[in-house]
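Worksheet for the structure shown next.
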Amino acid sequence: MATGAWVLLAAIALALAIGLWRAATYGRFRGTHRVKGGSAPARDQPGAGESVPDAPAPAAEAVTEVGAVLGERATLLQFSSAFCAPCRATRRVLGDVAASVDGVAHVEVDAEHHLEVVRRLGVVRTPTTLVLDAAGREVARATGAPRKEQVLAAVAQAVSP
1 MATGAWVLLA AIALALAIGL WRAATYGRFR GTHRVKGGSA PARDQPGAGE
51 SVPDAPAPAA EAVTEVGAVL GERATLLQFS SAFCAPCRAT RRVLGDVAAS
101 VDGVAHVEVD AEHHLEVVRR LGVVRTPTTL VLDAAGREVA RATGAPRKEQ
151 VLAAVAQAVS P
């Protein structure tokens, strides 16, 4: 086989691998990660058993910074942008979930107008959805448009004791 044919096959294989990886991860919720400025988990801090008031979670600060209020049980914090088609679908899904589950709020943040919040929370693309518990701590995050079933599962994780 000619060298050009091998290069073409390699390019096709690489494109296929990238496409499969993207399809497998797009819109999926994954566990949370450390956020810049966030405190270490309580179990890692000295005196973890002591009753000391916790500092507000960075995501909770972001919600109040944009003029919104945390939900009683959970908050769906969506970062979107004006020209983002998947953001509109995500808005619909998150709005449906917030309307159907008591105590869950949907807060949409325009990433372009809140760049400091975007940087602080490590948002790299839109749509990005953060699922916050009642205290405003990040429980899960998804980049891309999640399905309703995925959002409901993440909310269940956030509201479970």
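With full-length UniProt numbering applied, the sequence shown corresponds to residues 1 to 161, in that order.
Virtual Cβ for every residue (Gly too), placed ideally from N, Cα, C.
Where residue i sits in the DSSP three-state scheme
| i | result |
| --- | --- |
| V66 | coil |
| R141 | strand |
| A11 | helix |
| A42 | Because the pLDDT of A42 is 41, which lies under 50, any placement of that residue in the model is unreliable, and the number read from its coordinates should be weighed accordingly. Helix, per DSSP. |
| P58 | helix |
| A23 | helix |
| W6 | helix |
| K36 | Confidence in K36 is poor, its pLDDT being 46 and thus under 50, which makes the residue's placement too unreliable to answer from. |
Terminal residues of the beta strand (DSSP E) in which residue i lies
| i | result |
| --- | --- |
| A74 | A74 to S80 |
| E108 | V104 to D110 |
Anticipated Cβ contact below 8 Å, residue i with residue j, distance rounded
| i | j | result |
| --- | --- | --- |
| V139 | A156 | Rounded, the Cβ-Cβ distance is 10 Å, inconsistent with contact. |
| P146 | V93 | 7 Å |
| G136 | A59 | 6 Å |
| V97 | L152 | 6 Å |
Where the alpha helix (DSSP H) containing residue i begins and where it ends
| i | result |
| --- | --- |
| A154 | K148 to V159 |
| R92 | A85 to S100 |
| V117 | L115 to L121 |
Residue(s) in a DSSP beta bridge with residue i
| i | result |
| --- | --- |
| L132 | T75 and E138 |
| F29 | A142 |
- Task: Count the CB pairs spanning the stretch 113-124 and the stretch 84-95 that are closer than 8 Å, and state whether there are at least three.
- Result: No, the stretch 113-124 does not touch the stretch 84-95.
- Query: Are there three or more Cβ pairs, one per stretch, closer than 8 Å when the stretch 97-108 is compared with the stretch 67-84?
  - Reply: Touching, yes.
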